[in-house]
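Heads up, the thing below is written out as structure tokens.
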Amino acid sequence: MINFTVGPVQSSEAVLAIGAEQVPYFRTAEFSQIMLESEALIKKFAYATEDSKVVYITGSGSAGMEAAIMNTLSPKDKAIVINGGSFGHRFVELCELHEIPFSEVKLSAGKTLKAEHLTEFEDKGYTTFIVNKHETSTGVHYDMNLISDFCKRNNLFLIVDCISTFLADPFNMSELGADIMITGSQKALACPPGISIMVLSPKAIKRIEETKCKCQYLDLKIALKNAERGQTPWTPAVGILCQIHTRLQEIQANGGVEAEINRTAGLAKYFRENIKNLPFEIISESLSNAVTPLHPTTASANDIFLKIKDEYGMWICPNGGEMKDSVFRVGHIGALTTADYDKLIDAFKDLQAKGVI
């Protein structure tokens, strides 16, 4: 099977080799060194300040999303939440659950955020801005410069879910003034799922210190204390953390974050150029390098997903809910090559020749 989804994605041979090893004991100086080296590279690739900190949660990216809300916000805050799809809606649900006052900017599928959407929130006493930089469910990639300028003007605490866009699209945490960046092991890091990574600015660390977290496992005060010595408070997914370390070193050896972003962008461009004659429409107004969201004009998106899986031995990314039959997605992250995309495009053409699409 060739995996063209947006997570889990295909891993490199070096990452797979680590997964085949026995999981090491982790309360050692050697494992602490691995964790501290990973922290330094993550901060480097995110362009975080030196006094920022990295914490690891054994859980999916959604654990990082919830940890961000419950460790830095309280009912005294007033948040703006961008809701452009299922992951933006998840932040809405988290604010409701944790009783954080908020207003949402509701965007239709495929539509991007524009300056006029934010006009009504200027100078209205908001404290926080929450956004999924890449709304993976619809493929929309938001303009972070627009968001950053708005947050700086209004002195807002900025929480950014970069789960599917970190290492796939540019992100300069320092320049943007972002306070929390969240990512996950199974996206462009191309490791197995199971680790959520959070980069915390000094401003975020101060909020964490001042906020009472009503969950021991996700309490970032405890995580930060343990991170000082390169450890986690609870038993982590040790093997995946070792794979992340290997993957980060691999990226560094291959030219760093910019080279990785350019590689992903090249795959996205190659795929998009070579499907122009197929009966698909790209639905997003603003694309990430990580994924291409496609609306098939002559067939059910879910039927195409099933046929590609069952008849051609490849995974593309289906959607659920209202978009189940109208949109599928093709990812560009992980250990993929243009030759892999040639096979997928040939499969699409074969379905077209058979009158299926």
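Numbering (the numbering used here), first residue to last: 17 to 373.
Quick reminder that beta carbons are idealized off the backbone N, C-alpha and C, glycines included.
Fair warning: this is a prediction, and the values are worked out from it, not measured in the lab.
- Contact annotation: the region 239-248 touches the region 66-74, with at least three C-beta pairs closer than 8 angstroms.
- Distance from the CA atom of residue 235 to the CA atom of residue 95, rounded to whole angstroms, is 21 angstroms.
- Burial is judged here by how many other beta carbons sit within 10 angstroms of a residue's own beta carbon; residue 135 has fewer than 16 and is exposed.
- Taking 8 angstroms as the cut-off, the beta carbon of residue 84 is found closer than this to the beta carbon of residue 175.
- For the pair of segments examined, the region 99-114 was found to touch the region 143-154: the number of CB pairs separated by less than 8 angstroms reaches three.
- Taking C-beta atoms as the reference points, residue 206 and residue 31 count as a pair closer than 8 angstroms.
- Pairing residue 121 with residue 108 gives a Cβ-Cβ distance that is not under 8 angstroms.
- The C-alpha of residue 92 is placed about 42 angstroms away from the C-alpha of residue 41.
- The Cβ atoms of residue 167 and residue 141 lie no closer than 8 angstroms to each other.
- Here the region 180-189 does not lie against the region 38-53, with fewer than 3 beta-carbon pairs under 8 angstroms apart.
- Taking the Cα of residue 63 as reference, the smallest distance to any Cα among 313, 197, 312 and 295 is reached at 197.
- In the DSSP annotation of this structure, the continuous segment of the beta strand (DSSP E) that includes residue 99 starts and ends at 95-99.
- Around the CB of residue 212, 16 or more other CB atoms lie within 10 Å, so the residue is classed as buried.
- Around the Cβ of residue 124, a 10 Å sphere holds fewer than 16 other Cβ atoms; the residue is exposed.
- Residue pairing by DSSP puts residue 214 in a beta bridge opposite 71 and 198.
- The three-state reading of DSSP puts residue 329 in coil, since its state is none of H, G, I, E or B.
- Residue 342 and residue 270 have their C-alpha atoms some 38 angstroms from each other.
- Taken in chain order, the complete beta strand (DSSP E) segments of 3 residues or longer contained in the region 107-178 are 118-122, 144-148 and 173-177.
- CA-CA distance, residue 248 to residue 51, rounds to 9 angstroms.
- Within the same chain, 273 come within 6 angstroms of residue 61 by CB-CB distance, once the 5 residues on both sides are set aside.
- For residue 310, the uninterrupted beta strand (DSSP E) segment begins and ends at 307-312.
- With contacts defined as CB atoms closer than 8 angstroms, residue 345 and residue 22 qualify as a contacting pair.
- For residue 273, the secondary structure class from DSSP, reduced to helix, strand or coil, is helix.
- The residues 48, 51 and 52, in chain order, have a CB closer than 6 angstroms to that of residue 246 in the same chain once the five nearest residues on each side in sequence are set aside.
- It is roughly 16 angstroms from the alpha-carbon of residue 210 to the alpha-carbon of residue 264.
- C-alpha of residue 331 to C-alpha of residue 45: approximately 40 angstroms in a straight line.
- Residue 305 sits buried, since 16 or more C-beta atoms from the chains shown fall within 10 Å of its C-beta.
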